Amino acid sequence: MKPVILAGGTGSRLWPKSRAALPKQFLSLTSDKTMIQETVSRLNGLSHDAPIIICNEAHRFLVAEQMRQIDIEDSDIILEPVGRNTAPAIALAALNATENGEDPVLLVLAADHLIKDSKTFQAKIKDAEKLALEGKLVTFGIVPTEAHTGYGYIKSGDSVNLGFKVRQFVEKPDLPTAKQYVNSGEYFWNSGMFMFKASTYLTELKKYNPEILAICKKATSETQRDLDFIRIQEDIFKTCPDDSIDYAVMEKTESAVMVTLDAGWSDVGSWSSLWETGEKDESGNVVVGDTLLENTKNSYVNSEHRFVSVIGLENVVVVETKDAVMVANKNDSQHIKNVVNHLKSNKRPEFEFHREVFRPWGSYDSIDNGGRFKVKRITVKPGEKLSVQMHHHRAEHWVVVSGTANVTVDDNVNLLTENQSVYIPIGAVHSLENPGKIPLELIEVQSGAYLDEDDIVRFSDRYGRSPK
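Residue numbers for the sequence shown follow our numbering, beginning at 46 and rising by one.
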């Protein structure tokens with residue numbers, strides 16, 4: 046068995062925590078681990094190969110670092126140059142899994158789902174694997190706990206071995222229809238999780254959507270290995286149809302079967318779903334962080350950076366980050382997408398980045414800024430190095446707070462320790478490295494007429510970000 050982790054989502058309904066540069070699958074929302082770490086870790090104890098992870102190009106270092114943190118260092122990380130939905134993504138994984146003549150059973154999982162009962166989930170995986178080995182395309186149907194209008198549904202047919210034939214996939218219903226579905230006992234939530242032999246999926250995809258398979262084969266005919274990553278041919282993959290596995294294969298194949306799953310599943314699609322699945326106090330509140338609630342009921346309050354107090358409210362969501370606060374009626378939390386779209390159209394940085402931005406070498410936190418200055422706190426991990434670079438429009442002043450910095454400015458190399466500083470003039474070629482065993486922290490003060498992040502000319506970079 047080979048897990049395939051789909052990690053390409055944006056999670057916009059969980060703004061302000063989830064953002065384009067750090068979407069929900071890379072956040073710790075339900076435990077100390079991030080969502081993608083939980084997804085991989087809940088397979089511990091099952092016999093399986095290293096996972097294939099499909100992710101956005103921009104998130105490649107997040108995936109690699111978060112896998113390293115849970116001791117997964119031999120996964121194949123396939124970079125999608127553009128998003129083309131689940132059918133092509135799974136085709137890339139299946140082609141990768143069969144390139145050496147092997148034909149594993151693929152367990153396809155979203156990176157951002159919650160499953161509370163891992164033991165039951167693993168038992169159902171074993172059932173699904175038996176069906177997959179028989180040539181079936183297995184989907185997991187969630188036993189509904191309510192008439193939910195936010196999920197698609199699967200209508201079950203006749204029983205077959207350890208599951209049921211799939212009679213029909215249906216779109217997200219209105220509330221009266223959802224109630225009918227749940228009351229009938231024949232409908233299950235569509236989890237978006239699947240299991241099948243790699244060859245079975247490729248055969249069915251060729252039968253029902255040959256264009257997707259042909260383009261994916263062409264895009265992977267010449268791949269490039271870059272550190273932990275597999276790059277496919279962007280110009281070819283861009284021409285691939287945007288289609289889900291449901292539409293492209295599962296709704297058409299005669300080999301679709303369903304295994305039912307009742308294991309505390311949620312797609313964590315909104316703040317209200319985190320309230321539904323969270324541990325509530327005697328007033329029905331779910332709280333995270335430094336909070337104080339008075340006369341408040343059935344609410345979700347998440348504080349990341351500051352003390353948050355909520356008084357006299359009911360059925361609300363309050364989420365605080367370093368640079369944004371979001372307050373919503375819990376029933377309207379699905380509408381957060383409208384706020385995100387506004388931020389995107391107005392090119393506001395809160396759409397894409399948090400105040401603290403993570404890079405493969407560490408992170409930087411934008412502490413303050415004005416018309417011609419910006420102040421950052423920079424953290425460089427032990428042994429890591431920023432690119433050799435220069436700026437056309439800004440000078441920089443670095444002050445070491447802790448650790449040791451190896452700083453190169455043009456031809457001068459200096460080793461700086463606590464309370465020492467260095468000035469980098471406009472146009473100077475410079476680099477920063479942490480040669481020590483502890484994190485390097487420094488304060489950077491930028492000054493100049495233009496301070497945006499695109500004023501960087503990279504000459505060399507160990508993370509593959511400089512021009513070829």
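Cβ atoms here follow ideal geometry from the backbone N, Cα and C, with glycine treated the same way.
Computed from a predicted structure; not experimentally measured.
Problem set entry | Selection from Asp-499, Gly-415, Val-302 that minimises the alpha carbon distance to His-436 | For the purposes of this step, residue 436 is identified with residue 391 of the sequence shown, where counting begins at 1. Checked all of Asp-499, Gly-415, Val-302; the closest Cα to His-436 is Asp-499.
For this session: Would you kindly check if the distance between the Cβ of Leu-306 and the Cβ of Phe-166 is under 8 Å?
Result: Your numbering for residue 166 matches position 121 in the sequence shown. Your numbering for residue 306 matches position 261 in the sequence shown. It is a contact, given that the beta carbons lie within the stated cut-off.
Exercise. So, are the CB atoms of Ala-373 and His-438 less than 8 Å apart?
Worked result: Translated into positions along the sequence shown, residue 373 becomes position 328. Translated into positions along the sequence shown, residue 438 becomes position 393. No, Cβ-Cβ distance for Ala-373 and His-438 is not below 8 Å.
Exercise. Looking only at C-alpha atoms, which of Asn-464, Ile-471, His-475, Val-444 sits nearest to Val-458?
Worked result: Along the sequence shown, one-based indexing puts residue 458 at 413. Out of Asn-464, Ile-471, His-475, Val-444, His-475 has the C-alpha closest to the C-alpha of Val-458.
Exercise. Near Ser-63, what residues of its chain come up, given a Cβ to Cβ distance below 8 Å and the 5 sequence neighbours on each side ignored?
Worked result: The residue given as residue 63 occupies position 18 in the sequence shown. Once the five neighbours on either side are set aside, the close Cβ partners of Ser-63 are Thr-55, Gly-56, Ser-57, Lys-69, Leu-72.
Problem set entry | Paired residues, beta bridge with Arg-439 - DSSP | Looking up residue 439 in the sequence shown gives position 394. Looking at the DSSP assignment, Arg-439 forms a beta bridge with Gly-493.
Exercise. Quick one: what does DSSP say Leu-246 is sitting in, helix, strand or coil?
Worked result: Working through the sequence shown from its first residue, we reach residue 246 at position 201. The residue asked about is misnamed: residue 246 is Tyr in this sequence, not Leu. Here Tyr-246 sits in helix by DSSP.
Problem set entry | Helix, strand or coil at His-193 according to DSSP, with G and I counted as helix | Here residue 193 refers to the residue found at position 148 of the sequence shown. His-193: coil per DSSP, three-state reduction.
Problem set entry | Contact belief for Val-425 with Trp-406 at Cβ below 8 Å, rounded distance in angstroms | Taking the first residue of the sequence shown as position 1, residue 425 is located at position 380. Taking the first residue of the sequence shown as position 1, residue 406 is located at position 361. Going by Cβ atoms, the distance from Val-425 to Trp-406 rounds to 6 Å, so yes, they are a contact pair.
Exercise. What residues in its chain sit with their C-beta under 6 Å from that of Thr-184, if we drop five residues either side in the sequence?
Worked result: If you number the sequence shown from 1, residue 184 lands on position 139. Result list for Thr-184: Phe-239, Met-303, in chain order.
Exercise. Taking buried to mean at least 16 other C-beta atoms within 10 Å of its own C-beta, is Pro-61 buried or exposed?
Worked result: For the purposes of this step, residue 61 is identified with residue 16 of the sequence shown, where counting begins at 1. That one is buried.
For this session: Keeping to the same chain, check which residues put their C-beta closer than 6 Å to that of Lys-419; ignore five residues upstream and five downstream.
Result: What you label residue 419 is simply residue 374 of the sequence shown in a count that begins at 1. Excluding positions up to five away in sequence, the list reads Gln-491, Leu-496.
For this session: Grab me the residues of His-350's own chain with a C-beta within less than 7 Å of its C-beta, minus the 5 sequence neighbours each way, in chain order.
Result: Taking the sequence shown and counting its residues from 1, one reaches residue 350 at position 305. Cβ within range, chain order: Glu-365, Thr-366, Lys-367.
For this session: Take Ile-257 as the anchor and find which of Lys-382, Glu-279, Thr-284 has the nearest alpha-carbon.
Result: Position 212 of the sequence shown holds residue 257. The shortest C-alpha separation from Ile-257 is found at Thr-284.
For this session: Measure the Cβ-Cβ separation of Phe-352 and Gln-434 and say whether it is below 8 Å.
Result: Position 307 of the sequence shown, counted from the start, is the residue given in the question as residue 352. Position 389 of the sequence shown, counted from the start, is the residue given in the question as residue 434. No, Cβ-Cβ distance for Phe-352 and Gln-434 is not below 8 Å.
Exercise. Which residues in the same chain as Lys-78 place their Cβ atom closer than 8 Å to its Cβ, once the five residues preceding and following it in sequence are excluded?
Worked result: Within the sequence shown, residue 78 is the residue found at index 33, counting from 1. Excluding positions up to five away in sequence, the list reads Ser-86, Ile-115.
Problem set entry | Lys-297 versus Val-127: straight-line alpha-carbon distance, rounded | As a working mapping, residue 297 is identified with position 252 in the sequence shown. As a working mapping, residue 127 is identified with position 82 in the sequence shown. Spanning the two alpha carbons is a distance of roughly 26 Å.
Problem set entry | DSSP-derived helix/strand/coil call for Ala-473 | On the sequence shown, position 428 is the one that residue 473 refers to. Here Ala-473 sits in coil by DSSP.
For this session: Take Val-211 as the anchor and find which of Gly-415, Phe-233, Thr-222, Glu-441 has the nearest alpha-carbon.
Result: If you number the sequence shown from 1, residue 211 lands on position 166. That would be Phe-233, whose Cα lies nearest to the Cα of Val-211.
For this session: Quick one: residues in its chain with C-beta nearer than 6 Å to the C-beta of Ala-139, no 5 flanking neighbours on either side, listed in chain order?
Result: Indexing the sequence shown from 1 puts residue 139 at position 94. Only Ala-243, Tyr-246, Leu-247 meet the Cβ criterion.
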